[in-house]
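Engineer: In the order they appear, the protein sequences are chains A and B.
Add 2 to the 1-based position in the first sequence for my numbering, that's all there is to it.
Add 2 to the 1-based position in the second sequence for my numbering, that's all there is to it.
A virtual CB, placed ideally from N, CA and C, is assigned to each residue, including glycine.
Computed from a prediction, not measured in an experiment: that's the story for all the values here.
There are 2 protein chains.
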Amino acid sequence: MDINDAVASLSALAQYSRLSAFRLLVRAGGEGMVAGDIARALQVPNNTLSAHLSVLQQAGLIYSEREGRSIRYRVEFSGVRALLGFLVEDCCQGSPEVCAPLLEQLLPECCPGEVRA
Amino acid sequence: MDINDAVASLSALAQYSRLSAFRLLVRAGGEGMVAGDIARALQVPNNTLSAHLSVLQQAGLIYSEREGRSIRYRVEFSGVRALLGFLVEDCCQGSPEVCAPLLEQLLPECCPGEVRA
DNA sequence: CAATTATTTCCATTATTCTGGAAATATGGA
DNA sequence: TCCATATTTCCAGAATAATGGAAATAATTG
């Protein structure tokens, strides 16, 4: 992931309907959601949502799979990891002491059962 | 941080010059950088950069402090943490198993000396 | 094959953002 | 006070993004 990819990913998430759709898909987990259900949930016209999903997909944050008449969307977690990795990359090289508190916050939120060394 | 704050923060970072300025400031650490030096480093006119810095500041990602004739900018790490926290929040509630690999990647990158339990 | 359902593509309008010249503000120094 | 430096604000033109109606594509059903 270079800075241009990062701008593309951030731009994709930097819009209300798209961030909402993304969060919906994250919550949906491995099951994902079909386009129509996302549009219904967000109360956005199908064609408008379709354009938004296309942006998220181009950015590598979601992927799609046809399922009969519907198209199912799921989060592309490798893309999400790449973006988050890019964002913390410089931070940690430049000053590791600002990264520790960041993880302190992330760890319990992410993995409640895990223990820090 | 609610979804609207997140859209504002993501929008702030979702532009080449702004993301570049932000990364520069992250690398600069606690010392920060004055506006003119940032503009020079990025080869962007002062007034254009000023507008960009204003967007980053409004989003709570950086803050400024006058220093004589110059104005020094620094990263507002609480804002960065809030954004990253928001992004992983749903992910981890919905499906913790996708969060672990995310941390696996972040931990060594962030805190090379630390050991996982 | 015709009808139905699900979604996307095309396209034009509207809205927002980006950009930088010129003027304004703020500080420090002679 | 006058001048130089650093930065911001004002403003308007150019570029980009968002939106949704209408038509096109794709799959299933009778």
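Taking C-beta to C-beta, are ILE64 of chain B and ARG76 of chain B nearer than 8 Å?
Structural biologist: Within the second sequence, the letter at position 62 stands for residue 64 of chain B. Within the second sequence, the letter at position 74 stands for residue 76 of chain B. Cβ distance < 8 Å, so ILE64 of chain B and ARG76 of chain B count as in contact.
Engineer: Using a Cβ-Cβ cut-off of less than 8 Å, list which residues of the segment 17 to 28 of chain B approach chain A; keep chain order.
Structural biologist: Residues passing the 8 Å Cβ filter: GLN17, TYR18, LEU21, SER22, ARG25, VAL28.
Engineer: Would you mind stating whether LEU26 of chain A and ALA43 of chain A have Cβ atoms separated by less than 8 Å?
Structural biologist: For this step, residue 26 of chain A is matched to residue 24 along the first sequence. For this step, residue 43 of chain A is matched to residue 41 along the first sequence. Yes, the pair counts as a contact, with Cβ atoms nearer than the cut-off.
Engineer: Tell me which same chain residues have a C-beta within less than 7 Å of the C-beta of PHE1 of chain A, skipping the five on either side of it?
Structural biologist: In this structure chain A extends from 3 to 119, so residue 1 of chain A is not present and cannot be described.
Engineer: Consult DSSP for ARG71 of chain B and reduce its assignment to one of helix, strand or coil.
Structural biologist: Reading the second sequence from its first residue, position 69 is the one you call residue 71 of chain B. ARG71 of chain B falls in the coil class under three-state DSSP.
Engineer: Which chain B residues sit within Cβ distance under 7 Å of LEU89 of chain A?
Structural biologist: Numbered from 1 along the first sequence, position 87 holds the residue referred to as residue 89 of chain A. Under the 7 Å cutoff, chain B gives LEU86.
Engineer: Tell me where the alpha helix (DSSP H) around GLN59 of chain A begins and ends.
Structural biologist: Within the first sequence, the letter at position 57 stands for residue 59 of chain A. Per DSSP, GLN59 of chain A belongs to the alpha helix (DSSP H) from 48 to 60.
Engineer: Below 6 Å CB to CB, which residues in the same chain sit around ALA53 of chain B once its five sequence neighbours on both sides are set aside?
Structural biologist: Taking the first residue of the second sequence as position 1, residue 53 of chain B is located at position 51. There are no such residues.
Engineer: Hey, how far is the Cα of GLY31 of chain A from the Cα of ASN48 of chain B?
Structural biologist: Sequence index remark: in the first sequence, residue 31 of chain A carries index 29 (1-based). Sequence index remark: in the second sequence, residue 48 of chain B carries index 46 (1-based). Distance between the alpha carbons of GLY31 of chain A and ASN48 of chain B: 45 Å.
Engineer: Determine the closest residue to ARG68 of chain A out of A:MET35, A:LEU12, A:VAL28, A:ARG20, with distance taken between C-alpha atoms.
Structural biologist: Here residue 68 of chain A corresponds to residue number 66 of the first sequence, with the count starting at 1. Nearest of A:MET35, A:LEU12, A:VAL28, A:ARG20 to ARG68 of chain A, Cα basis: A:MET35.
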